[in-house]
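Here's the structure we're looking at; comments come further down.
2 protein chains.
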Amino acid sequence: MSRVACIGAGTVGRAWAVVFARAGYDVGLFDAIEGEVERTAIPGARRTLELLAENGLLTEDVDTVVARIKSASSIAEAVTGAIFVQESVREDVAVKREVFTEIAAHAPAEAILASSTSAIPGSEFLTGFPHPERALVVHPVNPPSLIPLVELCGTGVTSPETIAAARQLMTDAGMRPIVLKKEIDGFILNRLQFTLVAEALHLVGEGYCTPEDIDAVLTDGLALRWASIGPFEVAHLNAPDGLQGFVDRLGPMMRQLGAAARTDYNWTPEQIASAHAELSQRVPLDTIAERQAWRDRQILALRQMKLREQNV
Amino acid sequence: MSRVACIGAGTVGRAWAVVFARAGYDVGLFDAIEGEVERTAIPGARRTLELLAENGLLTEDVDTVVARIKSASSIAEAVTGAIFVQESVREDVAVKREVFTEIAAHAPAEAILASSTSAIPGSEFLTGFPHPERALVVHPVNPPSLIPLVELCGTGVTSPETIAAARQLMTDAGMRPIVLKKEIDGFILNRLQFTLVAEALHLVGEGYCTPEDIDAVLTDGLALRWASIGPFEVAHLNAPDGLQGFVDRLGPMMRQLGAAARTDYNWTPEQIASAHAELSQRVPLDTIAERQAWRDRQILALRQMKLREQNV
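Structure below.
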């Protein structure tokens, strides 16, 4: 079977190893911390695979899949013979440049080189090595083993063939890729997320509501729709005449509320401390791990539900 | 059993009738269009109740519940003896003022008077009648028969007792109320929704991605988390040290992406037409009713899933 390399075996890197291993690839997994892959990354990958299996989202048995993930003792060893390399190291442009120099020196010339970066534009570190047309950002949502969306973004010198091949590989691996037509800070997902969060901080900071109210607006309101139909389709389904009819009626309100949003709100450390105190009442710090496990089960139950309904 | 009145029997009013009837109230339902209640509202309520029953979200049989909804031939008839009145007429301040004058003249003095308005501040039409301290906005998400979140907002003269009683009544009826501490345009849900939509229109309008990409970012990304945990809890669960740790690390990025959002983006009619064309490829106008039914089934399946998981 084809071989994929994952460079960096933290939370994101080990989740990528799960994605590629369950898609049938042999995975070379490397981390700069010696022993980290055997000690925590592969056991962590196994737990994720068990969770997927328990939720009916794994077609093979866990041992078969986990056996495909192999510890590599160097970047060179991990990327040798790989058709695809996914980097998930620290968000530090100097570190990423160094890592990609090493990757590019040892990976096959036709391998696709991808970075998980969420915060650094790919053009700042994906062009300083031979054949930069094969490199792009493939930004996952954490963790990609549970959440299918990935954002593909070229650097300006990335070839259309590279983008098309990465998109196909992601689709075949069960992910849901979108392709950005040009680079923008935060890509799409984090821009939408932190635009909403910024207005939420404004509403809480100015005393209109609490963080708990904001969370309820999502969990018991907006996200009940958005989990199945996105915001454009929500509007399109709002009337027999579709999106156009929606905007004809509600365009003025859309413009008004957009203009009224205060996403540049200058929230203070005291406001964050106060929100943290409220959150820590709801979810005490010593129960976070347990609640994270609950969150992951909820995500998988929702994905199962959606798979069932798609087939109705 | 206690009696509730629903004034206005359009999409929102008839969904409210379902909410109150399934909670055991006798419902007096009035619409200004003669015959509308019998012709479309009660049959529509029956279909919604059947859908709830099919999804295990109704504890009684449909006939029993639907029999509680009775057509009233006037506002006076509907509100006589009611403990709670929910108005859902046209979003026109003059019409609402007139309707509330009539409601206030005939409802018991101790009845709570609520408006479903989403666009007009309650202080503009809920104070010009005797005992305005009993009136408030109870803003549902459409349709309240499927989506539990409701936003309660006083007018400034609304009494704390009224707000507390409305909150309790909503909770007892299976809804999830939040209470705004002061009035703001769009309340919380629509501000968050249209802040995100405004940035989405900016990203699409400036050619970074398509409406379909935006929708995928929600359905296969953000909303897989938000359906169970809201944005504050997402951050709180992101690290062992909770929200404070998240902001310590990612605060600068949060500020940067918030400031970079262009929620005042001046989208053009051509951009809307282009988005409408894309949406109409995905969901042709003549399939909207079918897709709406699918959306409703998805919402109910998700609510069922969440009820199951809460009990794990």
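Residue numbers (my numbering), protein chains in the order written: chain A, 878 to 1189; chain B, 878 to 1189. All C-beta atoms in this analysis are idealised placements derived from N, C-alpha and C, irrespective of residue type, glycine included.
Query, Result
"Contacts that residue 1113(A) makes with chain B (C-beta to C-beta distance below 7 Å)", "1156, 1160"
"Endpoints, the beta strand (DSSP E) within which residue 905(A) is located", "903 to 907"
"Which listed residue (1171(A), 1048(A), 1052(A), 1059(A)) has its alpha carbon closest to that of residue 1035(A)", "1059(A)"
"Per-residue DSSP class, three states only, for residue 1008(A)", "coil"
"Residues of its chain near residue 1037(A), where Cβ-Cβ distance is below 7 Å and the 5 sequence neighbours each way are ignored", "none"
"Closer than 8 Å to chain B by CB, residue 1133(A)", "yes"
"For residue 961(B): DSSP bridge partner residues", "881(B), 989(B)"
"Residue range of the alpha helix (DSSP H) that includes residue 1151(A)", "1146 to 1159"
"C-beta neighbour in chain A for residue 1105(B), strict 8 Å", "yes"
"Boundaries (first-last residue) of the alpha helix (DSSP H) holding residue 1124(B)", "1119 to 1137"
"Segment contact, 8 Å Cβ cut-off, at least three pairs: the region 959 to 975 of chain A with the region 880 to 900 of chain A", "yes"
"beta-carbon residue 957(A) near the ligand NAD non-hydrogen atom, thresh 7 Å", "The model depicted lacks the ligand NAD and carries no ligand whatsoever."
"Residue 1158(B) burial status per 10 Å Cβ neighbour count (16 or more: buried)", "exposed"
"Below-8 Å beta-carbon distance, residue 883(B) vs any chain A residue", "no"
"8 Å Cβ cutoff met for residue 1065(B) and residue 1101(A)", "no"
"6 Å CB neighbourhood of residue 1140(A) in its chain, flanking five on each side removed", "1072, 1075, 1076"
"Partner residues on chain B for residue 1067(A), Cβ-Cβ distance less than 7 Å", "1134"
"Residue 1056(B), enclosing beta strand (DSSP E) - first and last residue", "1053 to 1057"
"Host beta strand (DSSP E) of residue 1027(B) (start-end)", "1026 to 1030"
"Beta-bridge pairing of residue 1016(B) - partner residues as DSSP gives them", "1028(B)"
"Residue 1061(A) - containing alpha helix (DSSP H), residue span", "Per DSSP, residue 1061(A) belongs to no alpha helix (DSSP H) and is neither H nor E."
"Start-end ranges of the beta strand (DSSP E) lying completely within the region 1043 to 1117 of chain B, minimum 3 residues", "1053 to 1057"
"Beta-carbon gap between residue 912(A) and residue 882(A) smaller than 8 Å", "no"
"Any C-beta of chain A under 8 Å from that of residue 1153(B)", "yes"
"Any 3 or more C-beta pairs closer than 8 Å across the region 1086 to 1102 of chain B and the region 1094 to 1108 of chain A", "yes"
"Three CB pairs or more closer than 8 Å across the region 1026 to 1033 of chain A and the region 1044 to 1063 of chain A", "yes"
"C-beta neighbour in chain A for residue 924(B), strict 8 Å", "no"
"Cutoff 7 Å; reference residue 1173(A); Cβ partners in own chain excluding five residues on either side", "928, 1023"
"DSSP-derived helix/strand/coil call for residue 951(B)", "coil"
"Cβ-based burial, residue 981(B) [other Cβ within 10 Å; buried from 16]", "buried"
"Member of 969(A), 970(A), 959(A) whose CA lies at the smallest distance from the CA of residue 989(A)", "959(A)"
"Residues that residue 970(B) contacts on chain A, provided the C-beta gap is smaller than 8 Å", "Those do not exist, as residue 970(B) stays about 14 Å from chain A at its closest Cβ, beyond 8 Å."
"Short-range partners of chain A found in the region 1032 to 1064 of chain B, where Cβ spacing is below 7 Å", "1053, 1055, 1057, 1058, 1059, 1061, 1062, 1063"
"8 Å Cβ shell around residue 984(B) - same chain, five flanking residues per side excluded", "882, 956, 957, 959, 962, 990"
"Ranges of the beta strand (DSSP E) found wholly within the region 905 to 935 of chain A, counting only runs of at least 3", "none"
"Close beta carbons around residue 1122(A), own chain, < 7 Å, minus the five adjacent residues each side", "1116"
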